[in-house]
Amino acid sequence: MLIRELDIPDDIIRFYEDSGIKELYPPQAEAVDKGLLERKNLLAAIPTASGKTLLAELAMLKAIRNGGKALYIVPLRALASEKFDRFRELAPFGIKVGISTGDFDSRDEWLGANDIIVATSEKTDSLLRNGTSWMEEVNTIVVDEVHLLDSKNRGPTLEVTMTKLMRLNPESQIIALSATVGNAREMADWLDAELVLSEWRPTDLHEGIFFGEAINFLGNQKKIERRDKDNATNLVLDTLIEGGQCLVFESSRRNCAGFAKSASNKVVKLLDRDVRGKLVQMADGVESTGETDTAKVLANCIRKGVAFHHAGLNSSHRKIVEDGFRQNLIKVISSTPTLAAGLNLPARRVIIRNYRRFDSNFGMQPIPVLEYKQMAGRAGRPHLDPYGESVLLAKEYAEFEQLLENYVEADPEDIWSKLGTENALRTHVLSTIVNGFASDRAELMEFMGATFFAFQQDTWSLEDVIDDCIGFLADNAMIVKDETPESISLSSTQLGKLVSMLYIDPMSGAKIVDGLKKAINITDLTLLHLICSTPDMRQLYMRSSDYIMINDFVMSHSDDFIEIPSQFKQTDYEWFLGEVKTAMLLDEWISEIPADDITQHFNVGEGDIHALADTAEWLMHATTKLAELIGVKYSSYARGLEKRIHYGASPELMELVGIRGVGRVRARKLYKAGFVSLAELKKADYSILSKLVGPNVAANILSNIGVRVKKQVDKSTPINSNTL
Ligand code: ADP
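Using this note's numbering, the letters of the sequence shown correspond one by one to residues 1090 to 1813.
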């Protein structure tokens, strides 16, 4: 089917033709045949790189031309930016694109001026909770990576959000994009959607298992020359010699860095001078923007053409690695499975070095087929590679046979709703009541009856869980339950509304309110620990060597904690120590301890510090708002901490860190030199400032605080009006 034959405006046809897309891929053609452009709901369960985005674009563009508005829901912030950048290329058609990934309690009404809005599922949920008005205008809803309904953490929010959107805008067209899963038909039926289910790929994928001296594909073998004692390294070198790039999936962050280090010593020998020169520049960029040891290790690997990628890296380093790989300068990335979860980074050969993953309940466990298929599916760059190869590694023949049966020849699993637990449902029961989707128990049950959970399983089990949630919310004064013989009416209280809008788990809300009421005297640590004790905070893992150190810390700071569980209740106490450890990290962060020291004290990556600080800032914000509502005196204290967590600095630096171009390290330098406030800085002499932070930064800072900076006539250094 040719693009030219589609029922879409000519200028849009020309745009795609000019970009090289003249003919639809078979699954795309099937989608059109099944009503994509006639506003039919559609579930496309097709492999990576088979053109799902184009499907969404065609439907969105057509709807927008007819006066509609589209919402594009993605699971990750990084993916939101990737899609946002792509859709901005549609600007020549007057298409306005917005992205919404920010604070959870804002309505982002300004986004309503856009035609396409890209948002994460959590942000979409929060926009619905906050009553964002443009949500009602949305008439095309795209849900990317919809198989994540199966995820324990993210699935329930996605599921309830989709259910709400379908209720709010029953006329909208839903386009759900999924990896190939076992029960795609069932998902499509839930969505009342046509199904496009296909294994078609633009580049062939050869799935194989390395065993002995060769990769064994179905039907043929490829011998791999032994250049190193490590087989995965040999596979990497083989790919590079043939002109391809490699993605290596590892089970842990430590292994990622370990493999990158060892492989880089071999890879470097295959690089030409030009590439090496560019890599050195890239590595210098990493080193100059990182405070940590990890940054140094990463930079050393990049110099030799290899990188590692995981959630412990800070976001600018992740971006450098991704861009470097796309430019074909970085030849190999070793990664935890985050990269398989959607980022568009294909490679000639994917090596799955370890198919087991650590599970806190069961130890090392084999990964699901769905995850294997997603990793394998990264192999083969469309239009660039003749084919893609994915390789598992087996040590023995028995393992080879198992891998063949359990992965290469296996079908992906069915996906299952994870909505059926109190932990998953509590927050959604509250928001459903707050937002008027249900005003009594019967309506609530009816709403929940429209979820994928209810579609897959009997609702009676859900009823019990929902009743437990209602009980919890009523006991904690978030809803009022009014029983009459005919019905049980449910209405939200001010507290319930606030908790829903703040986008925190009602359990977190209850814990914070309870803590604030009980606290007699508070310190930084009191409030930091309070937020770390909520289920919305991901606690740090306790290592056996931590116990004594954290226990001693608790003893010497016992007045700072609202409540310390008895040491006889061993599980509670151990859990408490994990919360304290997390609070200690945050305390170091706001006390300006260098990131490198924090990563060493707590055995975390720089990216983890930022992720924890982000969550902590949001929960401290919630604490501020809850303290205001219940009328305790700690709201301004919490507000101060919120800001300190944002900047990672002490109170006296708050004025300085608020200036653009001044981070916590520079602010401290300025403060030490006597520039303790904005007013002092405004009076600063350029030459002194320039000695402190360098000429460019000094000029930047001065211009950012409204001090005019002029270029001197005879010298190239600028002067500010204060020096004149
Ligand atoms: P997916 O979302 O399924 O992983 P994408 O939509 O990102 O895949 O598409 C992968 C690449 O294929 C993109 O670069 C896209 O421009 C290109 N592409 C999509 N459809 C076609 C087509 N019909 N002809 C040629 N290239 C296409």
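Ideal Cβ positions, reconstructed from N, Cα and C, are used throughout, including at glycine.
| Asked | Found |
| --- | --- |
| Does DSSP classify Pro-1164 as helix, strand or coil? | coil |
| Are the region 1207-1224 and the region 1515-1535 touching, with three or more C-beta to C-beta distances below 8 Å? | yes |
| Looking only at C-alpha atoms, which of Tyr-1662, Lys-1507 and Ser-1647 sits nearest to Tyr-1636? | Tyr-1662 |
| For a quick check, are the C-beta atoms of Thr-1615 and Lys-1600 less than 8 Å apart? | no |
| Can you determine whether any heavy atom of the ligand ADP sits closer than 7 Å to the C-beta of Lys-1141, and answer yes or no? | yes |
| Three-state secondary structure (DSSP) at Ile-1102? | helix |
| Can you tell me where the alpha helix (DSSP H) holding Gly-1374 begins and where it ends? | 1362-1377 |
| Is Phe-1536 near the ligand NAD, going by C-beta to nearest heavy atom under 7 Å? | Among the ligands modelled here, namely the ligand ADP, the ligand NAD does not occur. |
| Tell me, to the nearest whole angstrom, how far the beta carbon of Phe-1542 is from that of Leu-1551; I am working on the premise that it is less than 8 Å. | 6 Å |
| Straight-line CA distance for Leu-1565 to Asp-1613? | It should be noted that the sequence gives Asn, not Leu, for residue 1565. Straight-line Cα distance between these residues: approximately 26 Å. |
| Measure from the alpha carbon of Ile-1264 to the alpha carbon of each residue in Asn-1272, Leu-1257 and Met-1251, then state which is nearest. | Met-1251 |
| List the endpoints of the continuous alpha helix (DSSP H) containing His-1646. | No alpha helix (DSSP H) holds His-1646; DSSP gives it neither H nor E. |
| Between the region 1231-1249 and the region 1157-1164, can you find at least three pairs of beta-carbon atoms closer than 8 Å? | yes |
| Please indicate yes or no: does the CB of Ala-1120 lie closer than 7 Å to some heavy atom of the ligand ADP? | no |
| Check whether the Cβ of Leu-1781 sits closer than 7 Å to any heavy atom of the ligand ADP, and report yes or no. | no |
| Tell me whether Tyr-1444 counts as near the ligand ADP, meaning its Cβ is closer than 7 Å to at least one heavy atom of that ligand. | no |
| When the Cβ atoms of the region 1746-1765 are set against those of the region 1779-1798, are three or more pairs found closer than 8 Å? | yes |
| Counting Cβ pairs closer than 8 Å, one from the region 1272-1290 and one from the region 1123-1138, do we hit at least three? | yes |
| Here's the rule: buried if 16 or more other CB atoms are within 10 angstroms of the residue's CB, otherwise exposed. What is Ile-1153? | buried |
| Using the beta-carbon count (16 or more within 10 Å), is Arg-1733 buried or exposed? | buried |
| Shortest alpha-carbon distance to Ile-1097 belongs to which of Gly-1271, Leu-1492, Ser-1353 and Val-1121? | Val-1121 |
| Ignore the nearest five residues each way along the sequence and tell me which others in Gly-1538's own chain have a CB closer than 7 Å to its CB. | Thr-1548 |
| Please report the residue range of the alpha helix (DSSP H) in which Leu-1617 lies. | 1613-1621 |
| Could you check which residue in Arg-1627, Glu-1490, Val-1746 and Ser-1581 has the C-alpha nearest to that of Ala-1672? | Arg-1627 |
| In three-state DSSP terms, what is Gly-1795? | coil |
| Give every residue of the same chain whose Cβ lies closer than 7 Å to the Cβ of Ala-1513, excluding the five residues on either side of it in the sequence, and list them in chain order. | Pro-1245 and Lys-1507 |
| What does the alpha-carbon distance come out to for the pair Ser-1581 and Ser-1222? | 20 Å |
| Just to confirm, is the Cβ distance from Leu-1434 to Arg-1467 under 8 Å? | yes |
| What's the call for His-1517, buried or exposed, on a 16-neighbour Cβ count within 10 Å? | buried |
| Could you check whether the region 1260-1275 touches the region 1132-1150, counting it as contact only if at least three pairs of C-beta atoms, one from each stretch, sit closer than 8 Å? | yes |
| With DSSP as the reference, label Phe-1561 as helix, strand or coil. | helix |
| Compare the C-alpha of Asp-1204 against each of Met-1224, Arg-1445, Glu-1681 and Arg-1290 and name the closest. | Met-1224 |
| So Val-1207 and Phe-1176 are in contact, right, with Cβ under 8 Å, and what is the actual spacing, rounded? | 7 Å |
| Just checking, does the region 1369-1378 make contact with the region 1406-1422 on the three C-beta pairs under 8 Å criterion? | yes |
| Provide the residue span of the alpha helix (DSSP H) that contains Val-1665, from first to last. | Note that residue 1665 corresponds to Phe in the displayed sequence, not to Val. Residues 1659-1679. |
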